[in-house]
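Engineer:
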Amino acid sequence: FPVAPAAQDESKTLQLVESYLQKFYGLQRGHHPHLRRKGDSRLVEKLREMQAFFGLQVTGKPDLDTLEMMEKPRCGVPDVGQYM
Amino acid sequence: FTPGNPKWKTNHLTYRILNYTPKMRQADVEAAVQKALQVWSNVTPLTFQKVEDKEADIMISFAYRDHRDNSPFDGPNGQLAHAFQPGEGIGGDVHLDEEEAWTTGGRGFNLFIVLAHELGHSLGLSHSSDPGALMYPSYSYTDPKEFLLPQDDIDGIQAIYGQSATAVQPTGPTTPQACDPQLTFDAITTLRGEIIFFKGRYMLRKHPARAETELSFISLFWPRLPSKIQAAYENVERDEVLLFKEDKYWLLRGYDIAPGYPKPIYHLGFPKTVKRVNAAYSDESTGKTYFFVADRYWRYDENKRSMDYGYPRKIVSDFGRIGRVDAAFQKDGYVYFFHGQTQFQFDPAAKRIVGQMKSISWFNC
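Protein chains in written order, with our numbering: chain A, 120 to 203; chain B, 114 to 478.
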C-alpha cells in the first residue's frame, strides 16, 4: 500500500497547502505576511472547502489524508470557479 | 458544470494535434486522442473531425513549463495537463505537460485517460467530486481496454449536449457507496488484519483501527489485476492472498503480485467443467480452504496443496440454507457468507448459521 508521506516540517506543509489552495480553490495570493499564520481564516475556509470536495474529513487542518490528496498527480484546472 | 455553462454552439467540432511527445509513438498519440474523443461522442450527438494546418476548435499540444497561458506547468507529477472551457481562441484547447511520463499502459501517466478527462473540460464540464468519475481531479489509472465512461460523467455531458442518437442509451458504472443498503460484493478477503471488499473496479478497505472505510481503485495498488474479481482468500500462514477471476488466479505475496501469475485454476485441482470460482475462504486452524462454485463446494488442503477426496459436495448439506455464495471470509473463528445484500454468520464448530446481517454491517453505517 502507498506509504504515508514522510512528516514534513510545518513551513513546507503550509507552503504546499497554500500553493494548492491558490491554484485550485481560488485562495487569493496574499501579500500580507502576517496573514500567513496557520490560523488564517481564509486559508482554513478554503481548506475545508477542498476537504469537503474530496470527501475527506472536514477538519480545516492539513491532516495526513489531506496532504496525501494534495500530493496526488492531478489536472491543472481549478476545482472551483472558471478557468479562462 | 463550469460556471456560466459554456458550451459549443455546434455539435460538430474540429480538433488538431499541434505537436507530439517524443515519449510515445506518434500513432499511439493519435490513437489515444481518437479514443478519448470517442468517450464523449459515444454518449452525445457530438462529432469530432481532425484538421491539419488550420485553427481547430480543440487544439491539442504538449507544452513545457511557462507556455504563455498564465498557467505554467510544474515539471514531472503535480499538474499533468489542463484544458480551457468552450470558446474562441484558446477556448477548448488542451495542454499536456511535456515533462510527464506519457504512456499507453499503466506505467507513468496513461495519455488516453488524461486526454479523456481534459476533453471533458474542453466540452464544458468542470471537476466532479465523485471519486469514480472521469472528471475527478486527481489521476487514477484504468486499463483503457476496460474503460467505461462512468454514469456521473454521462449525466454531466448529456445535461449540456443531450443524449446520443443511438437507440439504446449508453449507461456507465456508478461508484459504490459503503453505506448503500443495496451494495453487494464480488469478493471479500482479509489481508494482514484488514478486510478488503471487491466491487467492480473498486475495493473498499476496512482497517480495524479506522472508523471510516476507504474506497480505492483496485488498479491503484495492483494495476495488473482486472476489475470484477470473483473470489479471494488469505492464507494467513503463508502471508498470501489468492484472487480469482474466470478460470485464472493471481497470488499476492504480502502486497505484491507474485511473478508468473495469473495461473489456470486447474492447477489447484478443479475439473475442466469449472469455469469460475464464486467465493473462497481459508480456515487457518485446519489449513483447509473452501471454494464455492454455484451450489457446490470443494475443499483444498493447503499443506498437501491438493483438493481433498470426496468433493465437490452440496453447499446446503454442510453450510445450511445460504444459497449461492457471492463472497466469503473468515474472521475470529466465524465464517461470513455473502449472498446479495444478506450476510450469514456461520460457526464452523457448531456447523450452523448463528447470525444474519446486512452485507454492509462492517462499515459502521
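All C-beta atoms, glycine included, are put in the ideal place defined by N, C-alpha and C. Please read all numbers here as calculations on a predicted model, not as lab measurements.
Can you tell me which of the three DSSP states Pro377 of chain B falls into?
Structural biologist: strand
Engineer: Output, in chain order, the set of chain A residues within a Cβ distance shorter than 7 Å of Ser184 of chain B.
Structural biologist: Residues of chain A passing the Cβ test: Gly195.
Engineer: Report buried or exposed for Asp369 of chain B, applying the criterion of at least 16 other Cβ atoms within 10 angstroms of its Cβ.
Structural biologist: exposed
Engineer: Hey, is the region 308-321 of chain B in contact with the region 334-347 of chain B, meaning 3+ C-beta pairs nearer than 8 Å?
Structural biologist: With contact defined as three or more Cβ pairs closer than 8 Å, the region 308-321 of chain B and the region 334-347 of chain B are in contact.
Engineer: Could you give the uninterrupted runs of the beta strand (DSSP E) lying entirely in the region 260-314 of chain B, keeping only those of 3 residues or more?
Structural biologist: With a minimum length of 3 residues, the continuous beta strand (DSSP E) runs that stay inside the region 260-314 of chain B are 300-304, 307-312.
Engineer: Give me the chain A residues within the contact set of Tyr252 of chain B, using Cβ-Cβ distance strictly less than 9 Å, ordered along the chain.
Structural biologist: Lys191, Pro192, Arg193, Cys194
Engineer: Can you check DSSP and say which residues form a bridge with Ser329 of chain B?
Structural biologist: B:Met316
Engineer: Reducing DSSP to helix, strand and coil, say where Ser242 of chain B ends up.
Structural biologist: coil
Engineer: Assign Gln151 of chain B to one of three DSSP states: helix, strand, or coil.
Structural biologist: helix
Engineer: In this structure, does DSSP put His150 of chain A in helix, strand or coil?
Structural biologist: Confidence is the limiting factor: at His150 of chain A the pLDDT is only 46, short of 50, which leaves the residue's position unreliable, though a coordinate-based value still follows. Residue state, collapsed to three classes: coil.
Engineer: Could you list which residues in chain A have their beta carbon closer than 8 Å to that of Ala194 of chain B, in chain order?
Structural biologist: Chain A residues near Ala194 of chain B: Cys194, Gly195.
Engineer: Are the beta-carbon atoms belonging to Glu211 of chain B and Ala176 of chain B less than 8 Å from one another?
Structural biologist: In this structure, Ala176 of chain B lies closer than 8 Å to Glu211 of chain B by Cβ.
Engineer: Going by beta carbon distance, what residues of the same chain come within less than 7 Å of Cys292 of chain B, once the five residues before and after it are set aside?
Structural biologist: Ile473, Phe476, Cys478
Engineer: Would you call Gln469 of chain B buried or exposed, if buried means 16 or more other Cβ atoms sit within 10 Å of its Cβ?
Structural biologist: exposed
Engineer: Does Gly245 of chain B pass the burial test, meaning 16 or more other C-beta atoms within 10 Å, or should it be called exposed?
Structural biologist: buried
Engineer: Just curious, the alpha helix (DSSP H) that Glu212 of chain B is in, first and last residue?
Structural biologist: Here Glu212 of chain B belongs to no alpha helix (DSSP H), and DSSP marks it neither H nor E.
Engineer: Within a Cβ cutoff of 8 Å, which residues of the same chain sit near Pro197 of chain A, ignoring the five residues on either side of it in sequence?
Structural biologist: Annotation for Pro197 of chain A: Lys142, Phe143, Tyr144, Gly145 place their beta carbon closer than 8 Å to its own, counting only its chain and skipping 5 residues before and after.
Engineer: Measuring CA to CA, which of B:Ser241, B:Arg178, B:Gly446 is closest to Glu213 of chain B?
Structural biologist: B:Arg178
Engineer: Report the partner residues of Ala344 of chain B according to the DSSP bridge assignment.
Structural biologist: B:Phe357
Engineer: Use the C-beta contact count for Met183 of chain A: other C-beta atoms within 10 angstroms, 16 or more gives buried, fewer gives exposed.
Structural biologist: Just to set this straight, residue 183 of chain A is Leu in the shown sequence, not Met. Answer is exposed; the Cβ neighbour count stays below 16.
Engineer: If Phe442 of chain B sits next to Ile331 of chain B, beta carbons under 8 Å apart, how far is it from one beta carbon to the other, in whole angstroms?
Structural biologist: Actually they are not in contact, since the Cβ atoms of Phe442 of chain B and Ile331 of chain B sit about 17 Å apart, beyond 8 Å.
Engineer: Between the C-alpha atoms of Pro152 of chain A and Val163 of chain A, what's the straight-line distance to the nearest angstrom?
Structural biologist: Reliability fails at Pro152 of chain A, whose pLDDT of 47 lies under 50, so the model's placement of it is uncertain and the value that follows must be treated cautiously. Roughly 16 Å separates the two Cα atoms.
Engineer: Which of the three DSSP states, helix, strand or coil, is assigned to Ser174 of chain B?
Structural biologist: strand
Engineer: Consult DSSP for Pro461 of chain B and reduce its assignment to one of helix, strand or coil.
Structural biologist: coil
Engineer: Verify the CB distance criterion: does His320 of chain B have a CB-CB separation below 8 Å to chain A?
Structural biologist: His320 of chain B does not count as touching chain A.
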